[in-house]
Amino acid sequence: MKKVFSLLLLMAVISARATAQDYANPDYVKSDYRNNLQPASTFYLGFGGGINHYLGLIGPSVEFQLAEKITVFGGAGLGSWGSKLSFGARYYANYPGKWAFGLGYSVSSGLDHIEFDMPEGYVQNHSSTVKVPFKLKSASTVNLSALRFWTLGKARKNRFNVELGYAVSVAEDRYVIKDSNYELMPAGRYFMNVLQPGGVTLGLGFSFGMN
274 MKKVFSLLLL MAVISARATA QDYANPDYVK SDYRNNLQPA STFYLGFGGG
324 INHYLGLIGP SVEFQLAEKI TVFGGAGLGS WGSKLSFGAR YYANYPGKWA
374 FGLGYSVSSG LDHIEFDMPE GYVQNHSSTV KVPFKLKSAS TVNLSALRFW
424 TLGKARKNRF NVELGYAVSV AEDRYVIKDS NYELMPAGRY FMNVLQPGGV
474 TLGLGFSFGM N
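Position in the sequence shown (first residue = 1) + 273 = this note's numbering.
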C-alpha cells in the first residue's frame, strides 16, 4: 500500500512539475493567450484622412481580408483636387494589428473652376497678387505606404492607425488656366505641381471590425 501511495505521489509531483514548466515556457503562454482571443475581423469599415492620403482630407474606407496576411481595401473622400477614389492591397506582418505595407492607386476628379491668389513672382507681367482662375484636371497617383495599427476595445475588434508613405504622381501639370491673360512663371508652376496630388503621405485612421 505504501508503495502504491508513494508511486501515486511521485506521479503527481512529476505531473505538477511538467505543468509548471509548460506555463513557464513563453511559447506555451503565447499560444494559450492567442487561443483565448476572439477571432480577428475579416471585414472592416472605417474613416480617415491626411496629407496626400488615399482618402483625401477625410473619407470612409473598407477593408477585406483576402488571405492570412493579405487584405484588399478601398475608399473615397474629398481633397484639395476634388473628390478622390482609391483601391489597393496590404500585407500584414501580424493581421489585424501592428505593421502593414500597402500598394494602392488613387484618382482625384479635379474641379471645373477654382481661383487661387497668386503672389508676386508667380504670374508673368504682374507685380502684385492676382486671382487666377483654373480648371483642375483629373489626377492619379500610385501610393506606397507603411501603416502601424493598434487594436482597441475589450474584444480588440477596432483599430487606430498611423500611415506614412509616398504618392507618386502619374502625370504633372494637370491643370488649365481659364484666362489667357495669365501665364505662370516657374514659381507659379511649382506651386501648382505641389498642390496637385502626390508627394509625402501622412494620415490617421480608425476602423471597426464588422464580424
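Ideal Cβ placement from N, Cα and C applies to all residues, glycine included.
Small disclaimer: the values here were computed from a predicted structure and weren't measured.
Taking the alpha-carbon positions, what's the residue i to residue j distance?
i    : j    : result
A444 : K410 : 11 Å
V302 : Y368 : Any reading at V302 is ruled out, since the residue's pLDDT is 44, under 50, leaving its predicted position unreliable.
G352 : G323 : 9 Å
S381 : G426 : 34 Å
N466 : Y448 : 9 Å
S401 : N434 : 44 Å
P406 : H386 : 7 Å
A340 : E393 : 55 Å
W423 : Q338 : 17 Å
T315 : T344 : 9 Å
A313 : S442 : 35 Å
S480 : R363 : 15 Å
K342 : A366 : 7 Å
G375 : G482 : 19 Å
M391 : D446 : 16 Å
N325 : N484 : 30 Å
P333 : Y463 : 31 Å
On the DSSP letters alone, give me the boundaries of the alpha helix (DSSP H) that residue i sits inside.
i    : result
L468 : P459 to L468
From which residue to which residue does the beta strand (DSSP E) around residue i run?
i    : result
P333 : G332 to Q338
N434 : N431 to S442
N416 : A412 to L425
A373 : G370 to S381
G491 : The chain is shown from 274 up to 484; residue 491 falls before or after that span and cannot be answered.
T315 : Looking at the DSSP string, T315 is not in any beta strand (DSSP E), and its letter there is neither H nor E.
T344 : I343 to G352
G355 : G355 to N367
Y448 : Y448 to I450
E445 : Segment: none, E445 is in no beta strand (DSSP E) and carries neither H nor E.
V403 : V403 to L409
Answer yes or no: do residue i and residue j have a C-beta to C-beta separation smaller than 8 Å?
i    : j    : result
G350 : L330 : yes
P470 : S379 : yes
G244 : A428 : Nothing about residue 244 can be reported from this structure: the residues present for the chain run from 274 to 484 only.
T474 : N416 : yes
Since residue i contacts residue j with CB under 8 Å, what's their CB separation in whole angstroms?
i    : j    : result
K451 : K408 : 6 Å
G478 : F320 : 7 Å
S413 : G438 : Contact flag wrong, Cβ pair sits at about 16 Å.
V335 : G355 : 21 Å between Cβ atoms; not a contact.
K404 : E388 : 5 Å
G361 : G377 : 3 Å
L328 : A373 : 16 Å between Cβ atoms; not a contact.
G476 : E436 : 4 Å
Taking 8 Å as the cut-off, does the region 392-399 touch the region 451-467 (at least 3 CB pairs, one atom from each stretch)? When Cβ pairs closer than 8 Å are counted between the two stretches, the region 451-467 is seen to touch the region 392-399, the count reaching three or more.
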